[in-house]
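*Asks:* Reading the sequence shown from the start, the letters are residues 202 to 481 in this note's numbering.
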Amino acid sequence: VLIRYGFLQLRKKNMIENVPASPIRSVALGLAEIQGHAPRTATLPAPLSGASCHFYRYQVEEERQSGKGGRRWVTVDQGISNVPFHVEDATGRILVNPEGADVLLGRDYQRVERGEGWFAKRRRYREWRIDAGDFVYVIGTVTRQQGEAEQRRAQLTEHLRRIKKDPAAIERFDLDANQTLDEQEWAGIVAVVKDDIRREELDRSSAAPCEELALGAGELESTFVISDRGERSLTSLLGWKALGSGSAGVAGFMTMTVSILGRLGVLPGGWSFPWETLFH
């Protein structure tokens, strides 16, 4: 497990180094990297601090005894907001859906308090947030927002409804001047309206192409990272994670192999790791 985790961190590091950052206005569909800031206005309340933010992750831990006189923190509650938020740069803004992301944020809030009573245990409250105006780095998959086809159909229906109530429009498309629209004339209206809707979409795309796009987890590409670190700092962190996890995994594998061989009497001396002590 540790070795596999190390390889996953190494893969993320390589992806971040190899995928160039894109201005939001010109970001393309597929795997992309953007760097920007959260909008200046935030309305999502953080559960522990109460601060207004765009994204939060929190953890509540309780101090408990472990072994002979030892103590450890045990997680008793945790949560993460999966509310989409925007990221902006000098060229535009794009919607980020944080669900399924590997979130690497610096801690913004912590407090430790003891409950009431003689035997009350200490609790530690911690919170990580993306606040208004914070720097945001995201690498993930850019897709078109869901509901675009439904929105286009709704626009078509609304345009046709207006034409039915507009005598001038009916006269424009009444090619045989018989004051009624036959099937062929109505098909012509639908074609013209569809072309108008497409031109409107192109105009909106040239003005703000990223408004119809969303950045999130991909179906084919698993890399999806949200962080408040710059690219260099993030790759350094992932590199150390990969090195530490891989080294610990190799050391654990070697220890277990030697222990099994010792129990089987293959190795001289018969050394084996005292696994039983871990369950006492």
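Cβ coordinates follow ideal geometry from the N, Cα and C atoms, glycine included.
(1) Report the residue from D303, D278, A239 whose alpha carbon sits nearest the alpha carbon of G293.
(2) Using a threshold of 8 Å, state whether the C-beta atoms of G237 and G341 are closer than that.
(3) When the Cα atoms are used, what is the spatial distance from L305 to T458?
(4) Give the straight-line distance between the Cα atoms of I427 and T436, rounded to the nearest whole angstrom.
(5) Starting from the Cα of I281, find the closest Cα among A243, Q266, R330 and give me that residue.
(6) State the Cα-Cα distance for the pair F320 and A252, rounded to the nearest angstrom.
(7) Looking at the unbroken alpha helix (DSSP H) that takes in S460, where does it start and where does it end?
(8) Quick one: what's got a C-beta closer than 7 Å to E264's C-beta in the same chain, skipping five residues either side?
(9) Identify the continuous alpha helix (DSSP H) that holds I217 and give its terminal residues.
(10) Which two residues bound the contiguous alpha helix (DSSP H) that contains M372?
(11) Within this structure, are the beta carbons of S434 and Y206 separated by less than 8 Å?
(12) For the beta strand (DSSP E) holding Q279, just list the boundary residues, first then last.
(13) Give the range of the beta strand (DSSP E) segment to which A302 is assigned.
(14) Using the rule of at least 16 other Cβ atoms within 10 Å of the residue's Cβ for burial, across every protein chain shown, is T424 buried or exposed?
(15) With a floor of 3 residues, list each beta strand (DSSP E) that falls wholly inside the segment 226-255, ordered by position along the chain.
(16) Cutting at 8 Å between CB atoms, please list the residues of its own chain near S223, excluding the five before and the five after it.
(17) Can you list, in chain order, the residues of its chain whose CB lies under 7 Å from that of L211, leaving out five sequence neighbours each side?
(18) Measuring straight from C-alpha to C-alpha, what distance separates F256 and N283?
(19) Can you give me the C-alpha to C-alpha distance between S407 and R400, rounded to a whole angstrom?
(20) Return the CA-CA distance between G431 and S460, expressed in angstroms with no decimal places.
(21) Around the Cβ of E372, are there at least 16 other Cβ atoms within 10 angstroms (buried) or fewer (exposed)?
(22) For L376 and A370, what's the separation of their Cα atoms in angstroms?
*Replies:* Let me spell this out:
(1) With distances taken between Cα atoms, G293 lies closest to A239.
(2) With contacts defined by Cβ atoms closer than 8 Å, G237 and G341 do not form a contacting pair.
(3) Those two C-alpha atoms are separated by around 34 Å.
(4) Near 13 Å, if we compare the C-alpha coordinates of T436 and I427.
(5) Each of A243, Q266, R330 was checked against the Cα of I281, and the nearest Cα belongs to R330.
(6) Separation of F320 and A252 (C-alpha to C-alpha, rounded to the nearest whole angstrom) is 32 Å.
(7) For S460, the enclosing alpha helix (DSSP H) begins and ends at 432-464.
(8) For E264, same chain residues with a beta-carbon under 7 Å away, outside a window of 5 residues either side, are R272, W274, K322, R323 in chain order.
(9) That run of the alpha helix (DSSP H) goes 203-219.
(10) With the sequence shown as reference, residue 372 is identified as Glu, and Met is not the correct amino acid for it. Secondary structure note for E372: its alpha helix (DSSP H) is the uninterrupted segment 368-374.
(11) Y206 sits away from S434, with the two beta carbons spaced by 8 Å or more.
(12) Note, Q279: beta strand (DSSP E), 271-281.
(13) From DSSP, A302 is part of no beta strand (DSSP E); its letter is neither H nor E.
(14) Label assigned to T424: buried.
(15) Restricted to the segment 226-255, the beta strand (DSSP E) segments that are unbroken, complete and at least 3 residues in length are 231-238, listed in chain order.
(16) Counting only residues of its own chain and dropping the five nearest sequence neighbours on each side, S223 has a CB closer than 8 Å to the CB of A229, A233, E234, I235.
(17) For L211, where only same-chain residues beyond five positions count, the Cβ hits under 7 Å are A443.
(18) It is roughly 8 Å from the alpha-carbon of F256 to the alpha-carbon of N283.
(19) Reliability of the predicted coordinates at S407 is poor, the pLDDT of 48 falling under 50, and no value is obtained from them.
(20) Taking the straight line from one Cα to the other gives about 43 Å.
(21) Result: exposed.
(22) One C-alpha to the other measures close to 12 Å.
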